[in-house]
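Asks:
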Amino acid sequence: MRLTRRAALSAAAATLAVPTILPRNAIAQQRPSELRLGISTFLSGPSSVFGVPGRNAADLLIEQLNASGGIGGVPIRSVVIDEAPGVDFLLGECRRLAQNEGVDVMLASISSGSCLAVAPLAEQLRLPTILWDCGTQRIFEENSFRYAVRTQANAVPEIVAPLLYLLRARPEFSTLAVVNQDYAWGRDSWAIWKGAMDAIKPGVRVVAELFPRFGATDFSTEITRLQALRPDVIFSASWGGELDTFIRQAAERRLFERSTFVLPLAESSLERVGKTLPPGVIVGARGDHWFLHPTARDTELLKNFTEAYRRRFNLYPIYPTFHMAQALYGLKAGYEKAIAANGGRWPSREQLMDTMRGLEFRHLTGTMKIRDDGQGLEPMLVGVTRHVDSYPFPVLDQMILYPPELVMNPTGTKGVEWVRLLTPAAVRRAPAPIAWRA
Amino acid sequence: MEPRLALPAAAGVALVVGLAAAAPWLKFVFTIALAKGLAVLGILLLLRAGQVSFGHALYVAVGAYTVAFARPGIGELLVLLPLSVASATAVGFLVGLFVARYRDIFFGMLNLAFSMVFYSLLEKLYTYTHGTDGIRVDRPSFAGILLDRVPYEWVMLALVLALSLGLGALARVFLASPLGQALPAIKTRETRLEFAGISARRVLLIAYVASAALAGLAGGIIAVTTLHVTPLLAYWTHSGELVFIAILGGGGSVLGPFLGAIVFELVRVYASAAFPDAWQMILGAVLLGIILFASRGLWGLYEDLVSRRGARP
Amino acid sequence: MTLLLLLAILDGLAYAALVFMVAVGLTLVFGVLRVLNIAHGSFFAIGAYVAATLGTAAAATAAAPALALPVLLLAAVLVGGALGPVVEKLLLSRIYVKDHVLQLLVTFALFMVLEDVQKLIWGVQPIFQDAAVKALGPVEVGDIVYTRYQLFLLPGVAAVTLIGLMWFLRRTLTGRVIVAVTHDREAATAMGIDAQRVYLLTFTFGTMLAALGGALASPTTSLVPGIGVNMIVLSFAVVATAGLGQIEGAALTALLIGLGRSVAVYFAPEFEVVIPYIIMVVVLLVRPYGIFGSPELRRV
């Protein structure tokens, strides 16, 4: 038989590759030599504006955790993959990480589509998965997963809280326009906002529903239209480079003078846009975190982290970094509780995941809880921008920390339906605002 | 199949199965790769006519979304896949009627246009398609049997291997037939073909519809393997990927697409694992290397070596 | 209604100007070399990034506001002058004899490489350098505030470029040589024209135009990884619609796309994304070789 070149080459390659493709032995319940964490995030494309800070936060925190003994005495090692190529690539990678790299826990993903695809696979692979950043509320509303939990909130409170804030700060508005990115988050967040707004304050006229293409680089036409229409409020759940561009172009054309802006994700843009973003804009942070968090800013934990992060990456931390921190702190707390419940022995995957449900744990800026269905519950920080001398970018003033009971739909309900049951009482029940302290 | 191809094909199958047995995660990767190889087989047909389509991701997406929409009503894989082929063929025929009149850049760009319009539709018709969140596909039954994950993945791999061999052989027969032989004539001397009484437009249309069908099948397989479809399947960079694989594998033989697809997926996995921040650059460099130094692709490299050995006395 | 239409036209003009600036280089390159340069989008992006870097450096100097605009031109010349010849000599010239598909894929591979190179040099954080826009300030049209940059500078530069190119291609010897090679490469070579030099010249020039498009876009928008990607598709649509190497066609197409897009935003916002494709399909239906294209001489 003629040995074809292809066969010979392939055999050679396979021999070389064998160590990298054969599965790693990982015996459950025996304390591993290291805890392997798979992390999926965006390392390319426009979403890398969040993906890379998330990865950087992971690197920093894992170093810090390992310096103090790791989790349960076991050092942590991360394996980072880029989710940019798409779902088919990510699903192959999850399998490879689980079976070849012996990853113990997976941290996925920024894209909601990725999360929705990974969670069912995690069930099949029995791979503990923490959803660390994706916003879709549909994951735990439409299915239940034993092997997936979420250490952050979801779109529902992230949008309801800024709406309640607006209704409190500017209750007399009568016209509104929305400018959202044209993809699932943009559509979902608008559906939640509109449902809630029509329930609490019916009769608001929506003068324009603009959904510029995802990755748009120019909003001139939209801004012209908004200037002509003069809505009282402009709502935009955009983020990243697009939000930066929208803010700058709107400022250049004085749109901020005509309308009140509500930007639920603008905390991540504050440092970059600087004082171009004028005072009086309602800003959200996608959760209970900000590097100058009103109740946590004086804690050593937050101060040290911010300092270390800034020193190493030359930027202030933004919400993706806090989401990553929540995932890691949650994981640590989960393992520690499970180990204690297991009499000091390393827990099995099922023990770990069952422990994470109902877990309450401390993180950089406060405490949060994971509900029985796996969904995370955290307060929502909303404030209004203010210019101060101590920072070259706006800070948040008159901050309200909306508790989850007020802004999150209960287990077993659908967010877009629950918001229709909101009433003006929800606006009044908000806690008192906290002023900016120098 | 001709003996020249039978041996490499058999070796390839043995290698794929062997590697997949040693490393279970490779089943998934190989299934996706071979499915893409089927779509690239279609691109190959068009490349023979000198036409590059920058929009075949359209048919992959049509096939995948057909499965996604049909799944709640139909739970059988052996029905879902033919459905994906049927819908992609239908769309391919309608679009082909229009684009087969054009050549070169106009052909390429019109295909791009249709695929991007479809992509936008998938994103915007949010209530039906869930937009960028995508649609989940529950695992279908195979010949009436509901399988667990591991046996299912084996069955899918076996199925796609069988389809690759069978459709590859079919493609070979087609390319050797008078109709298939007319394709290169479109590339070199289309007017002469017309003078000979053969409608170039009809020849191209047939090849186009065949390529759409193959891409639709690929989409269906991707849908039932990943169990989640997103609009990105239709994006133009994925069409470009298919052309990339066609050249990587080499246009000289029907085994080229499959060879190219597997190498592409493996390089991407390993480049991305070793250099998560620079994998795109590595892939690009690999392609550049192939084009500059081995322009007949991996298959061309293999042929060179074999013919050199064969020529030795 | 008429007010809205006027506003739509004004918005459309600025956008059309930008699209034209980016696509005209590609049209030229395609006309002469018959290569659809996918890396054109990368040149756009790199031009934008370099302009932002230079702009930030210039903003720190004493001559600050006056330098804002010239810096953009400088960026384009630098990027085009550096990358154009390098790419043409090292990559494209090796494959001219080969299949068209291979040439196309070389540019695709180059695009993939340059995407990561951008990321490695400038990082992933959005970069915004708008000194040029600020330098020109706002202007009011009725009740609406525009920026002078978008209303005057962009269309102005586009118009100058168009007229300049038309003059260059019709009236100068080099320009007419380029047109000759576009029409019939073999005949031109038979006349003694050094086609290789023409390719090099055209490609470099086309790259400069792409970089200039990027430099002009850069003060108006955030630069993030991937900004080149959408520009590629848009440029392709323009090239196909315009007709082989037809810069007037490119101008007209850019105008159609710009106006079509802004009218869509006003009256049918959901269609805005597909406007370029609809225009391409409709034009090619009526004129199969592009707006001003003509059938190529067919060999028998």
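Those sequence lines, one after another, are chains A, B and C.
Here the numbering used here runs 54 ahead of the position in the first sequence, where the first position is 1.
Here the numbering used here runs 1 ahead of the position in the second sequence, where the first position is 1.
Here the numbering used here runs 5 ahead of the position in the third sequence, where the first position is 1.
In this text, a Cβ means the ideal position worked out from N, Cα and C, and glycines have one as well.
Keep in mind that this is a model prediction, so the values were computed, not measured.
#1: Answer yes or no: does any C-beta atom of chain B fall closer than 8 Å to that of Ala245(C)?
#2: Output, in sequence order along the chain, the residues in the segment 214-230 of chain C whose CB is closer than 9 Å to any CB in chain A.
#3: Against chain A, with Cβ distances strictly below 8 Å, would Phe25(C) count as a contact?
#4: Let's see if you can read the secondary structure: which residues bound the alpha helix (DSSP H) around Tyr151(C)?
#5: Closest Cβ-Cβ distance between Leu221(A) and chain B: below 8 Å?
#6: So that I know if they touch, is there some Cβ in chain B lying closer than 8 Å to that of Ser166(A)?
#7: So that I know if they touch, is there some Cβ in chain B lying closer than 8 Å to that of Tyr282(C)?
#8: Have a look at Leu45(B) and Leu95(B) and give me their C-alpha separation to the nearest angstrom.
#9: Excluding the 5 residues flanking Val138(C) on each side, which residues of the same chain have their C-beta closer than 7 Å to its C-beta?
#10: Below 6 Å CB to CB, which residues in the same chain sit around Thr231(B) once its five sequence neighbours on both sides are set aside?
#11: What do you get for Asn110(A), buried or exposed, if any count of 16 or more other CB atoms within 10 angstroms of its CB means buried?
#12: If you draw a straight line from the alpha carbon of Arg284(A) to that of Met422(A), how long is it in whole angstroms?
#13: Please state the DSSP three-state secondary structure of Thr7(C).
#14: State the CB to CB distance for the pair Gly420(A) and Tyr373(A), rounded to an integer number of angstroms; the pair is presumed to be in contact (CB under 8 Å).
#15: On the three-state DSSP scale, how would you describe Ser101(A)?
#16: Would you say Ala80(A) reaches chain B, if we count a Cβ-Cβ gap shorter than 8 Å as a contact?
#17: Can you list the residues of chain C that Ser54(B) reaches, using a CB-CB cut of under 7 Å?
#18: Quick one: complete alpha helix (DSSP H) runs, 4+ long, within the segment 112-178 of chain A?
#19: Nearest chain C C-beta to Pro100(A) closer than 8 Å, yes or no?
#20: Quick one: which chain B residues come within Cβ less than 9 Å of Thr190(A)?
#21: Residues of chain A with CB under 7 Å from Tyr151(C), in chain order?
#22: So which of Ser313(A), Glu306(A) and Trp344(A) has the shortest CA-CA distance to Thr330(A)?
#23: When DSSP labels each residue in this structure, what does Leu20(B) get in the three-state scheme?
#24: Just checking: is the beta-carbon of Asn42(C) within a distance shorter than 8 Å of some beta-carbon in chain A?
#25: Mark Ile146(B) as exposed unless 16 or more other C-beta atoms lie within 10 angstroms of its C-beta, in which case mark it buried.
#26: Since Lys139(C) meets chain B, which of its residues come closer than 8 Å, beta carbon to beta carbon?
#27: In chain order, what residues of the segment 276-291 of chain A put their CB closer than 8 Å to some CB of chain C?
#28: Just to make sure I have the definition right: I need the residues of chain B whose C-beta is within less than 9 Å of the C-beta of Glu120(C). Which are they?
#29: Tell whether a beta-carbon distance below 8 Å holds between Gly13(B) and Gly221(B).
#30: Run the CB neighbour count on Arg90(A), radius 10 Å, all protein chains shown included, and call it buried at 16 or more, exposed below.
#31: Show which residues of chain C have a CB atom less than 9 Å away from the CB atom of Arg140(B).
#32: Between the beta-carbon of Tyr237(A) and the beta-carbon of Phe199(A), is there less than 8 Å?
#33: On the CB-based measure, 16 or more other CB atoms within 10 Å of its CB, does Tyr383(A) come out buried or exposed?
#34: Using a beta-carbon distance below 8 Å, is Gln429(A) in contact with chain B?
#35: Grab the span of the beta strand (DSSP E) containing Gln452(A) for me, first residue to last.
#36: Assuming Val24(C) and Gly169(C) make a contact with CB atoms under 8 Å, what is their CB distance in whole Å?
Replies: Quick look at the numbers:
#1: Closer than 8 Å to some Cβ of chain B, the Cβ of Ala245(C) qualifies, so yes.
#2: For chain A, the residues of the segment 214-230 of chain C that bring a beta carbon within less than 9 Å of one of its beta carbons are Ala222, Thr225, Thr226, Ser227, Leu228, Val229 and Pro230, in chain order.
#3: For Phe25(C), the answer is no, since every Cβ of chain A falls outside 8 Å of its Cβ.
#4: For Tyr151(C), no alpha helix (DSSP H) encloses it; the enclosing beta strand (DSSP E) starts and ends at Ile149 to Thr152.
#5: Taking 8 Å as the threshold, the shortest C-beta distance from Leu221(A) to chain B does not fall below it.
#6: Using a Cβ-Cβ cut-off of 8 Å, Ser166(A) counts as an interface residue toward chain B, since at least one Cβ of chain B sits closer than that to its own.
#7: So yes, Tyr282(C) belongs to the interface.
#8: Between Leu45(B) and Leu95(B), the C-alpha separation is close to 21 Å.
#9: If we look at Val138(C) and ignore the five residues flanking it on each side, its Cβ neighbours are Thr152, Tyr154, Pro224 and Thr225.
#10: Closer than 6 Å at the Cβ level, and outside the excluded window around Thr231(B), lie Gly135.
#11: Answer is buried; the Cβ neighbour count reaches 16.
#12: If you take the alpha carbons of Arg284(A) and Met422(A), they lie about 40 Å apart.
#13: Here Thr7(C) sits in helix by DSSP.
#14: In fact, because the Cβ distance is near 14 Å, the residues do not count as touching under 8 Å.
#15: The three-state secondary structure of Ser101(A), taken from DSSP, is coil.
#16: Since pLDDT at Ala80(A) reaches only 41, below the 50 mark, its modelled position is unreliable, and the value read off the structure follows with that caveat. By this cut-off, Ala80(A) is not an interface position.
#17: Listed along chain C is no residue with a C-beta nearer than 7 Å to that of Ser54(B); the closest approach is about 11 Å.
#18: You should have 141-153.
#19: Output row for Pro100(A): interface = yes.
#20: Neighbours of Thr190(A) in chain B, taken as residues whose beta carbon is under 9 Å from its own, are Asp134 in chain order.
#21: Around Tyr151(C), the beta-carbon contacts reaching into chain A at under 7 Å are Arg307.
#22: Per the C-alpha coordinates, the member of Ser313(A), Glu306(A) and Trp344(A) positioned closest to Thr330(A) is Glu306(A).
#23: It is helical.
#24: Not an interface residue.
#25: Ile146(B) is exposed by the Cβ-count criterion.
#26: The premise fails here: Lys139(C) is roughly 33 Å from chain B at the closest Cβ pair, so nothing lies under 8 Å.
#27: Listed by position, the residues of the segment 276-291 of chain A near chain C (Cβ gap below 8 Å) are Glu276, Thr278, Arg279, Gln281 and Ala282.
#28: Correct list: Gln281, Met282 and Gly285.
#29: At the C-beta level, Gly13(B) and Gly221(B) stay beyond 8 Å of one another.
#30: Classification of Arg90(A): buried, given that the 10 Å Cβ count is 16 or more.
#31: What Arg140(B) touches in chain C: nothing, since even the nearest Cβ is about 34 Å away.
#32: Contact flag unset, no.
#33: Its Cβ being crowded by 16 or more others within 10 Å, Tyr383(A) is buried.
#34: No - not a single Cβ of chain B is within 8 Å of the one on Gln429(A).
#35: According to the DSSP assignment, Gln452(A) belongs to the beta strand (DSSP E) that extends over Val449 to Tyr456.
#36: Taking 8 Å as the upper bound for CB-CB distance, Val24(C) and Gly169(C) are not in contact here, some 18 Å apart.
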